[in-house]
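Asks: Using the working numbering, the first residue of the sequence shown is number 35, and each one after it goes up by one.
Backbone N, C-alpha and C define an ideal beta-carbon position, used for all residues, glycine too.
Treat the numbers as computed from the prediction; the structure is a model and nothing was measured.
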Amino acid sequence: EREFGDYKSYFVNKQLKQQKADQEFVKWEQKRNPNNKNYIPIFKNCIVYINGYTNPNSQTLRKLVTLYGGKYSSTENPMVTHIIATKLTPRKLTLLKYRKVVKPEWIVDSIKNQNLMNWRIYSLLNSKTFSGTKVTDKIPVHNNVPNQKKYFDKEKTCNQEHQVQKDSTISKNIDSKDPEFLKYYFSNSRLHHLSTWKSDLKSEFVEKAIEVNLQQNNLLKMKTSVSTSNSIVLHIDFDCFFAKVSSLNYPNIDFEKFPVCVSHGSGTSDISSCNYVCRKFGIKNGMWVQNAKKICPNLICLKYNFVNYEKISRTFYDYLLQNIQFNSILPVSIDEVLLDVNCESKSDIDILAEKIRNDILQLTKCTISVGASTNVLLAKLSLKKAKPNGYFFLNSEDHLFLETFLNNTLVRDLPGVGRSTIERFQKELGSNCLNPIKIGNIKKINKGRFISIFGNKTGSKFYDYTRGVDHFSISKEINKIRFDANKSVSIDVNWGVRFDHWKQVETFLTSLSQELVNRMKKIKKVGSTLVLKIMKRAPNAPVVPPKFLGMGECVQLSKSSKIGLPTNDVGIISTEAKCLLRLINCNPIEIRGVGIQMKNL
């Protein structure tokens, strides 16, 4: 139920209901007149807003636009392509002077001629049809009226104050059509900052890990008596890292008792991290704050604290690199790591895991969980069992216990398994499919069938997973990361992307290319393969998504091209990007996200 004053949710829901009603009306009309083939999509890609009195009336125009392939918007917003009006106030004329404002005859004549007419012929702005006083009309000044100047000065002051307020809020409504959008986006987007910050920090830890791995390997070569047959993988992960670290600044909050999450706002802002108290209510990472508060009204939302995140991450990795003897270390994220260590017995593993857990708790005041086993897959599944704030060792030598453990493990907990994979398994199992699917349910599928469903590489991997086998090597992965470091640079913008025409998209691509070049120069690289990704609004997705200026449901389109000589010249890159844009040929109005990548650095 909406809270008082929740206008944003009200209008979003209203827009969704209106679009659904329009779709149902078109289906009803087509069903009523199945032989009528005159409803050609004349207004395809047109989004119409009707302003004030019109003839025909607004309801008639709305039905006509919808029947002939267009969309109707109940509000005047950046997505609207055409505004239908008979008269405009001087104020509206000023606000809409760069918009396509047309008379109702544009719709009527387009249908009559079965072709989209040139809107300029029907432009209301050209005809200068006003209602009320013209903005340029001069107000006569009479000298015999006392204090007249004072009132005009006051009016001027009020207008100036209004302009200041308008300028101060303009950044809140900025989108990709604004030349300063990218500068605003990269400086204010917490999502962008979070992703790049995590990536940079992880890269730094990987560099340190590579250096320490080389040192450890040299020591192992010198100590020929050391056996690696007792190699054990430890999967270490913080519990609710962002939520816990943010809560450290609030000693009055009992993290184990109260529902706590981290988000950069309210409403449709995503929850990036939440504690286990939240999860008992059904709250998950990625859920909107407003939806979470419906099921948990007492939810405590904390802000990001990047300084403390980085501080605790560094403490975590410095401790591991300086205090733990290992064969290999692989940073998975800023709060998660894989360790390959040598242990002679289960008791050695238990002692090491508990030592790490206790030491990290003392150093950071944050809890971690540890999963341990003989390979990365089993260590990952052990970690799932250990959470929260626990430790679990899965002994693969106890074959009966291992088989029972795997048979009761959910397929969705396996690495690389998502919704699409689950759906394929469900289709394969047919009527015998249980929900949720466990590994024991798919073990009867032979290896050949796995390969037939998923392909040779993925099929073989999933088949091995069902038997607890994993060929992933931490040391090989570190070497691969070392070799592949900085093989590509990319930028993706998936919020605030709205365009009216090609010129705006090309201008945006020029700015995006400049940002890409800046990043390439920062790492002193040139590239030879350019990739352009366009996120196009899905056919059945609402024109105005629930999240303000969000991407919504989209279809990804992409094209790539090889540039003759490796380069980081912005002119060459932006020109190539515009060529790829033309090849993709997506209507600018439908674009919701743009990504650009330079490969083969």
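Taking the CB atoms as reference points, tell me whether T115 and N79 lie closer together than 9 Å.
Replies: Going by C-beta atoms, T115 is nearer than 9 Å to N79.
Asks: Per the contact definition of three or more C-beta pairs closer than 8 Å, is the region 583-593 in contact with the region 560-572?
Replies: Yes, they touch.
Asks: Since H116 is in the beta strand (DSSP E), which residue starts that stretch and which ends it?
Replies: Residues 116-119.
Asks: With distances taken from CA atoms, which of E431, N409, V527 is nearest H505?
Replies: When each option's Cα is compared against that of H505, the closest is N409.
Asks: I'd like the list of long-range same chain contacts for N621, defined as Cβ closer than 7 Å, with 5 residues on each side in sequence excluded.
Replies: Here the set comprises N79.
Asks: What is the DSSP secondary structure of N475, counted as helix, strand or coil?
Replies: Looking at N475 - three-state DSSP - the assignment turns out to be helix.
Asks: Are the region 618-635 and the region 548-566 touching by the rule of at least three beta carbon pairs closer than 8 Å?
Replies: Counting Cβ pairs under 8 Å, three or more are found: they touch.
Asks: With a threshold of 16 other CB atoms inside 10 Å of the CB of F427, please say whether the residue is buried or exposed.
Replies: Burial call: buried.
Asks: Using a Cβ distance threshold of 8 Å, determine whether the region 238-249 contacts the region 378-393, with at least three qualifying pairs required.
Replies: No: fewer than three Cβ pairs fall under 8 Å.
Asks: How about S210 and F459: are their beta carbons less than 9 Å apart?
Replies: Not closer than 9 Å, so no.
Asks: For N111, which of helix, strand or coil comes out of DSSP?
Replies: In this structure, N111 counts as coil in the three-state DSSP scheme.
Asks: Using CA coordinates, which residue listed in N602, S362, S297, L583 is at the minimum distance from H269?
Replies: Of the candidates N602, S362, S297, L583, the one whose C-alpha sits nearest the C-alpha of H269 is S362.
Asks: At which residues does the alpha helix (DSSP H) containing S545 begin and terminate?
Replies: Element bounds for S545: 536-556.
Asks: Compute the Euclidean distance between the alpha carbons of K137 and F533, then round it to the nearest angstrom.
Replies: One C-alpha to the other measures close to 23 Å.
Asks: How should E610 be labelled, buried or exposed, when 16 other C-beta atoms within 10 angstroms of its C-beta is the threshold for buried?
Replies: It counts as buried.
Asks: Going straight from the alpha carbon of E549 to that of C613, what length do you get?
Replies: Each residue's alpha carbon lies about 18 Å from the other.
Asks: Taking only heavy atoms of the ligand NAD into account, decide whether any of them is closer than 8 Å to the Cβ of R616.
Replies: Judged by which ligands are present, the structure shown has none, so any question about the ligand NAD falls away.
Asks: Kindly indicate which three-state DSSP category T455 falls into: helix, strand or coil?
Replies: Note: T455 maps to helix in three-state DSSP.
Asks: Helix, strand or coil for D374 per DSSP?
Replies: D374: strand per DSSP, three-state reduction.
Asks: Helix, strand or coil for S430? Go by DSSP, reduced to three states.
Replies: Looking at S430 - three-state DSSP - the assignment turns out to be coil, as it is neither helix nor strand.
Asks: Are V60 and I118 closer than 9 Å when you measure CB to CB?
Replies: Taking 9 Å as the Cβ cut-off, V60 and I118 do not qualify as a contacting pair.
Asks: Taking the straight line between their C-alpha atoms, what separation do you get for C467 and E457?
Replies: Distance between the alpha carbons of C467 and E457: 11 Å.
Asks: Could you tell me the alpha carbon to alpha carbon distance between Y73 and T123, rounded to whole angstroms?
Replies: So the alpha carbons of these two residues sit roughly 34 Å apart.
Asks: On the DSSP letters alone, give me the boundaries of the alpha helix (DSSP H) that S362 sits inside.
Replies: From DSSP, S362 is part of no alpha helix (DSSP H) but of the beta strand (DSSP E) over 362-367.
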